[in-house]
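Asks: Note that the sequence shown covers residues 82 to 361 in our numbering.
Yeah, the Cβ is synthetic: ideal placement off N, Cα and C, and Gly gets one too.
The structure under discussion is supplied below as structure tokens; questions concerning it will follow.
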Amino acid sequence: MTEMPMQNGNYELGLGGSFLQGLPSSIKRYTYRGESDFFDILETESARFEASPHASEFLLFHASKETIDTLIENEDTSPIAKYLTSFDTNEQLFLVRMPSTPHSGASPILHNMIMEAIQPMGLFTSLRGYTSAEVRGASRGKQADCAWGPRRTARGIPRSPSVTLEVAYSENDVKLNSDVRFWLNPDDGKANVCLTLRIGRSQPEIWIEKWENQNDRIHRSQVIWITKRGNQINVSHHPLVISFESLFCRPSSCPREKDLEFSQQQLKELAEMIWEDQCW
């Protein structure tokens, strides 16, 4: 695995650019030819993904706008819908993710950490957790692995996630950068913070990045790198901080309402639970 530069911040993404067309070539492309063909492909590629640490967990399908509209409109009855994570009807593309235990296990762990952190503030019932939160724009949409936002918002403002989490069980960050652009774009996800958590497949390594929209630029404001060498676990640039105002969309109103900080020990425990699923 190529080591990620460990500078904290000092990296930006533009708000524009392709949503799905620019995804890396490691994500295989197919033309959608119906449900039966889809599941044949999914079975073949799932086996390939499990066998190779370098294979992507995602598959990209080309389909007509009408086909994509049908899939997302019938999400309660379509067996394909549960695999669909992103779509763009203008680009005529939809993205699916193959199931994996480390990927699915990471989101509830961080969700529990966040809910435990706000309990001493008396705000446990004031925060809404979104499992597989979906946000749709005019022509494209996306599901977060997990997301959070205030239960109550100002009059006239629809409820939507203020902080989102994207998990990748891979070694490529191009896909995650596309996710970040969607969630922090004022025309799409409208979130204040996007957290990304990338799980290495070839050795016990986890990267956590925090992204925020600052002056119409998407800015990486924190990078945390968690590694395990033998019995030694190292955590860089801790604690992980999520500002109170970014999460609840309002300033704090009393001393107990403060930024969420996740310590070195908490991040170690997060990593250990993820690595248990990988048998490290």
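So, helix, strand or coil for K339, using DSSP?
Replies: Here residue 339 refers to the residue found at position 258 of the sequence shown. Three-state DSSP puts K339 in coil, outside helix and strand.
Asks: Return the CA-CA distance between A228 and T206, expressed in angstroms with no decimal places.
Replies: Working through the sequence shown from its first residue, we reach residue 228 at position 147. Working through the sequence shown from its first residue, we reach residue 206 at position 125. Spanning the two alpha carbons is a distance of roughly 15 angstroms.
Asks: Do you know how far the Cα of D226 is from the Cα of T148?
Replies: As a first step, residue 148 is located in the sequence shown; it is residue number 67 there, counting from the start. As a first step, residue 226 is located in the sequence shown; it is residue number 145 there, counting from the start. Their Cα atoms are separated by approximately 24 angstroms.
Asks: Taking all protein chains shown into account, do 16 or more other C-beta atoms lie within 10 angstroms of the C-beta of S117, making it buried, or fewer, making it exposed?
Replies: Your numbering for residue 117 matches position 36 in the sequence shown. By the neighbour-count rule (16 or more Cβ atoms within 10 Å), S117 is not buried but exposed.
Asks: Going by DSSP, what residues sit across from Y111 in a beta bridge?
Replies: Residue numbering aside, residue 111 sits at position 30 when the sequence shown is read from its first letter. Per DSSP, F142.
Asks: Using the rule of at least 16 other Cβ atoms within 10 Å of the residue's Cβ for burial, across every protein chain shown, is K339 buried or exposed?
Replies: Translated into the one-based positions of the sequence shown, residue 339 becomes position 258. By the neighbour-count rule (16 or more Cβ atoms within 10 Å), K339 is not buried but exposed.
Asks: Using CA coordinates, which residue listed in W292, Q345, S333 is at the minimum distance from N315?
Replies: By one-based count along the sequence shown, residue 315 stands at place 234. Out of W292, Q345, S333, Q345 has the C-alpha closest to the C-alpha of N315.
Asks: Just tell me which of S220, G281, R331 has its CA closest to the CA of T170.
Replies: Within the sequence shown, the letter at position 89 stands for residue 170. Of S220, G281, R331, the residue nearest in Cα terms is S220.
Asks: Taking buried to mean at least 16 other C-beta atoms within 10 Å of its own C-beta, is T112 buried or exposed?
Replies: Position 31 of the sequence shown, counted from the first residue, corresponds to residue 112. Classification for T112: exposed.
Asks: Report yes or no: do the region 196-211 and the region 150-160 share at least 3 C-beta pairs separated by less than 8 angstroms?
Replies: Touching, no.
Asks: If you measure between the beta carbons of V177 and F139, is that distance less than 8 angstroms?
Replies: By one-based count along the sequence shown, residue 177 stands at place 96. By one-based count along the sequence shown, residue 139 stands at place 58. Yes, the pair counts as a contact, with Cβ atoms nearer than the cut-off.
Asks: Give the DSSP bridge partners of W288, in chain order.
Replies: Within the sequence shown, numbered from 1, the residue matching residue 288 stands at position 207. Its beta-bridge partners are R279, W306.
Asks: If you draw a straight line from the alpha carbon of K256 to that of S137, how long is it in whole angstroms?
Replies: Here residue 256 refers to the residue found at position 175 of the sequence shown. Here residue 137 refers to the residue found at position 56 of the sequence shown. In a straight line, the C-alpha of K256 is about 10 angstroms away from that of S137.
Asks: How about L351 and I190: do their beta carbons lie closer than 8 angstroms?
Replies: By one-based count along the sequence shown, residue 351 stands at place 270. By one-based count along the sequence shown, residue 190 stands at place 109. Yes, Cβ-Cβ distance for L351 and I190 is below 8 angstroms.
Asks: In terms of residues, what are the limits of the beta strand (DSSP E) holding R217?
Replies: Position 136 of the sequence shown, counted from the first residue, corresponds to residue 217. Per DSSP, R217 belongs to the beta strand (DSSP E) from 215-217.
Asks: What residues are listed by DSSP as bridge partners for Q295?
Replies: Taking the sequence shown and counting its residues from 1, one reaches residue 295 at position 214. Paired residue(s): R298.
Asks: What number of angstroms, rounded off, separates the C-alpha of S241 from the C-alpha of E353?
Replies: Start at 1 with the first residue of the sequence shown, and residue 241 comes out as number 160. Start at 1 with the first residue of the sequence shown, and residue 353 comes out as number 272. Cα to Cα, S241 sits roughly 31 angstroms from E353.
Asks: For S185, name the three-state secondary structure that DSSP assigns.
Replies: Taking the first residue of the sequence shown as 1, we reach residue 185 at position 104. Note: S185 maps to helix in three-state DSSP.
Asks: Consult DSSP for M354 and reduce its assignment to one of helix, strand or coil.
Replies: Position 273 of the sequence shown, counted from the start, is the residue given in the question as residue 354. Of the three classes helix, strand and coil, the one that applies to M354 here is helix, per DSSP.
Asks: Identify, in the order they occur along the chain, each residue of the same chain with its Cβ nearer than 6 angstroms to the Cβ of L278, setting aside the five sequence neighbours on each side.
Replies: Reading the sequence shown from its first residue, position 197 is the one you call residue 278. For L278, where only same-chain residues beyond five positions count, the Cβ hits under 6 angstroms are A187, V248, I289.
Asks: Select from P239, R233, S185, Q173 the residue whose C-alpha is nearest the C-alpha of G222.
Replies: The residue labelled residue 222 in the question sits at position 141 within the sequence shown. Looking at the Cα atoms, Q173 is the closest of the given residues.
Asks: Among the candidates S302, L165, G281, whose CA atom is the shortest distance from the CA of V274?
Replies: The residue you call residue 274 lines up with position 193 of the sequence shown. Ranking S302, L165, G281 by Cα distance to V274 puts S302 first.
Asks: Just tell me which of S133, L341, D254 has its CA closest to the CA of E362.
Replies: Look at the range of the chain in this structure, 82 to 361, and you will see that residue 362 is not part of it.
Asks: According to the neighbour-count rule (16 or more other Cβ atoms, all chains shown, within 10 Å of its Cβ), is P183 buried or exposed?
Replies: Reading the sequence shown from its first residue, position 102 is the one you call residue 183. Buried, because 16 or more other Cβ atoms sit within 10 Å of the Cβ of P183.
Asks: Can you check which of these residues, N296, K349, S333, is closest to T308 by C-alpha distance?
Replies: Counting from 1 along the sequence shown, the entry for residue 308 is found at position 227. The residue with the shortest Cα to Cα distance from T308 is K349.
Asks: Give the secondary structure of L348 by DSSP, where H, G and I count as helix, E and B as strand, and everything else as coil.
Replies: Within the sequence shown, numbered from 1, the residue matching residue 348 stands at position 267. It is helical.
Asks: Taking the C-alpha atoms as reference points, what is the distance between G230 and F175?
Replies: In the sequence shown, residue 230 corresponds to position 149, counting from 1. In the sequence shown, residue 175 corresponds to position 94, counting from 1. One C-alpha to the other measures close to 26 angstroms.
Asks: Quick check on L101: does DSSP put it in helix, strand or coil?
Replies: Walking along the sequence shown from the start, residue 101 turns up at place 20. L101 falls in the coil class under three-state DSSP.
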